[in-house]
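Q: Here it is, the structure in full.
In the working numbering, the protein residues as written are 1410 to 1871.
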């Protein structure tokens, strides 16, 4: 069975992989697996690179065998696997084969969990009265008939489907708890999105994240979802600006919101009021106009641990980081497409609980001194730092800064040279520095000679 390398991380336990030069990061993972004697090279290219390899994972083989013998799970990688199987497992996984014949088989109507990986099929679930979990990871679904599958609890579709028919079927799923459409392909969901808010059992709702192709307005004021915990990603709803126009979602833990262009004090006040209502919010992703993002007060959110600010819509708008903008107990902070007035590090290093920081495709005003500085005692808990696509000329690291740092990645930040002080970070274990300037490459080589314990790539954690 051949599986594309772009799915290797998700499908790493399966048997055979098809290699492609454009997935360079996968070769790194394969190399580590090979050193662990989990990968056997089956065939090589003429230049000596790996063409096919076979994963030999004894633990996986044992787990799958035990699962099938106990009728817990049946894995079908060939059309005849299910047809000639005596197993009556309630969980069925179909890997990269046409699923139409398999799932139309009357013997499979007792299946409670159906996982589809790849292929192009006409899926008819009219006989699946006990189906609880449906996950379509790849491929194209030409026609979907949910029919009797009204008791679905979990629905994930990463495929292209008929959207009009799909929404009509979803409305009748009165027990649905998770609706995951992050990777689905739709032209417009705004016409249909209101139909799902009548499902009171919803806990996790994830919409497509590509802008501007998708517009998913947030829930209206009439919505009263006491169980809703995840809502990602929705656009700012102008109806929220009206009195009592905010939805009642008090248990929300994760929110992703896309803020349309156009600064208004009313919009800032409404967003601040909405976030103040969400006392249990742990993860927040805000994308949109920098004029609005920089005025939304987040300091009072002491439960907020994960924050993403993305200004890709209006990256020309300058943002000034101050102590009142960010929550005090963040664990992860991701800043994307921001135009900083000055060095953001003096503010960020005061976040005493911060463990992961990434700054991506951002700029510092060019009429300023384009440098960043990590001072003594700053970033006390920081373990991972990612600087990607930033215009920098100098990075100063004072003695005593980042005492817990383990991983540093700097990519496309030219002309930034690697600071010599980076060798004085005792806890640093992984350093990746990509530069097109030859002097920088030589400096990186010298750093690795001085610190032979450093590795250029992080090994898999398993």
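The beta carbon of each residue, even a glycine, is placed where N, CA and C say it ideally should be. Fair warning: this is a prediction, and the values are worked out from it, not measured in the lab.
Pull the bridge partners of residue 1748 from the DSSP assignment, please.
A: Bridge partners of residue 1748: 1727, 1772.
Q: Go ahead and pull the three-state DSSP assignment for residue 1430.
A: In this prediction, residue 1430 has a pLDDT of 39, which is less than 50 and means its spatial position is unreliable; what the coordinates show is noted afterwards. In this structure, residue 1430 counts as coil in the three-state DSSP scheme.
Q: Look at the alpha carbon of residue 1483 and the alpha carbon of residue 1477, and state the distance between them as a whole number of angstroms.
A: About 6 angstroms.
Q: How is residue 1854 classed by DSSP in three states: helix, strand or coil?
A: Helix.
Q: How long is the line joining the alpha carbons of residue 1542 and residue 1481, rounded to whole angstroms?
A: When rounded, the distance between both Cα atoms is 14 angstroms.
Q: Below 8 angstroms between beta carbons: does that hold for residue 1801 and residue 1825?
A: Yes. Within cutoff.
Q: Quick check on residue 1780: does DSSP put it in helix, strand or coil?
A: DSSP places residue 1780 in strand when its eight states are reduced to three.
Q: Just grab the DSSP bridge partners of residue 1563 for me.
A: Residue 1563 is bridged to 1542, 1587.
Q: Could you say if the segment 1670-1687 and the segment 1628-1644 meet the contact criterion of at least three C-beta pairs nearer than 8 angstroms?
A: Output reads no: the segment 1628-1644 does not touch the segment 1670-1687.
Q: Out of 1751, 1502, 1455, state which residue places its alpha-carbon closest to the alpha-carbon of residue 1473.
A: Out of 1751, 1502, 1455, 1502 has the C-alpha closest to the C-alpha of residue 1473.
Q: Return the CA-CA distance between residue 1756 and residue 1499, expressed in angstroms with no decimal places.
A: Straight-line Cα distance between these residues: approximately 53 angstroms.
Q: Which residue or residues does DSSP assign as beta-bridge partners of residue 1741?
A: In DSSP, residue 1741 forms a bridge with 1715, 1765.
Q: Tell me whether the beta-carbon of residue 1616 lies closer than 8 angstroms to the beta-carbon of residue 1590.
A: Yes. Within cutoff.
Q: Quick one: using the 10 Å Cβ neighbour count with 16 as the cut-off for buried, is residue 1638 buried or exposed?
A: So residue 1638 ends up on the buried side.
Q: Taking its Cβ as the centre, do 16 or more other Cβ atoms sit within 10 Å of residue 1565, making it buried, or is it exposed?
A: So residue 1565 counts as buried.
Q: Pop quiz: residue 1832 and residue 1859 are said to be a contact at Cβ under 8 angstroms. What is the actual Cβ separation, rounded to whole angstroms?
A: Contact flag correct, Cβ pair sits at about 5 angstroms.
Q: Can you find the residues in the same chain that come closer than 8 angstroms, C-beta to C-beta, to residue 1850, ignoring five residues on each side of it along the sequence?
A: If we look at residue 1850 and ignore the five residues flanking it on each side, its Cβ neighbours are 1844.
Q: What do you reckon, are the CB atoms on residue 1747 and residue 1810 nearer than 8 angstroms?
A: No, the Cβ-Cβ distance between residue 1747 and residue 1810 is not below 8 angstroms.
Q: Taking the straight line between their C-alpha atoms, what separation do you get for residue 1781 and residue 1754?
A: Each residue's Cα considered, the two are about 6 angstroms apart.
Q: Using C-beta distances below 8 angstroms, list every residue in its chain close to residue 1651, excluding the 5 sequence neighbours before and after it, in chain order.
A: Taken in chain order, the residues that qualify are 1630.
Q: Alpha carbon to alpha carbon, what distance is there between residue 1794 and residue 1888?
A: In the structure displayed, the chain extends from 1410 to 1871; residue 1888 sits before or after that span and is not available.
Q: Measure the alpha-carbon distance for residue 1667 versus residue 1829 and round it to whole angstroms.
A: One C-alpha to the other measures close to 40 angstroms.
Q: Can you tell me which of 1745, 1538, 1647 puts its alpha carbon nearest to the alpha carbon of residue 1694?
A: Minimum Cα distance to residue 1694 is reached at 1745.
Q: State the DSSP-derived secondary structure class of residue 1812, mapped to helix, strand or coil.
A: In the structure shown, residue 1812 sits in coil (DSSP, three-state: anything other than H, G, I, E or B).
Q: Return the residue from the list 1827, 1604, 1788, 1857 that minimises the CA-CA distance to residue 1759.
A: Minimum Cα distance to residue 1759 is reached at 1788.
Q: Which residue from 1468, 1852, 1840 puts its Cα closest to that of residue 1864?
A: If we check each option's Cα against that of residue 1864, 1840 comes out closest.
Q: Where does residue 1539 land, buried or exposed, given buried means 16+ other C-beta within 10 angstroms?
A: Result: exposed.
Q: What number of angstroms, rounded off, separates the C-alpha of residue 1701 from the C-alpha of residue 1604?
A: Between residue 1701 and residue 1604, the C-alpha separation is close to 30 angstroms.
Q: How big is the Cα-Cα spacing for residue 1657 and residue 1521?
A: Roughly 32 angstroms between the two C-alpha positions.
Q: What does DSSP give as the partner residue(s) for residue 1887 in the beta ladder?
A: A query on residue 1887 cannot be resolved here, the shown segment of the chain reaching from 1410 to 1871 and no further.
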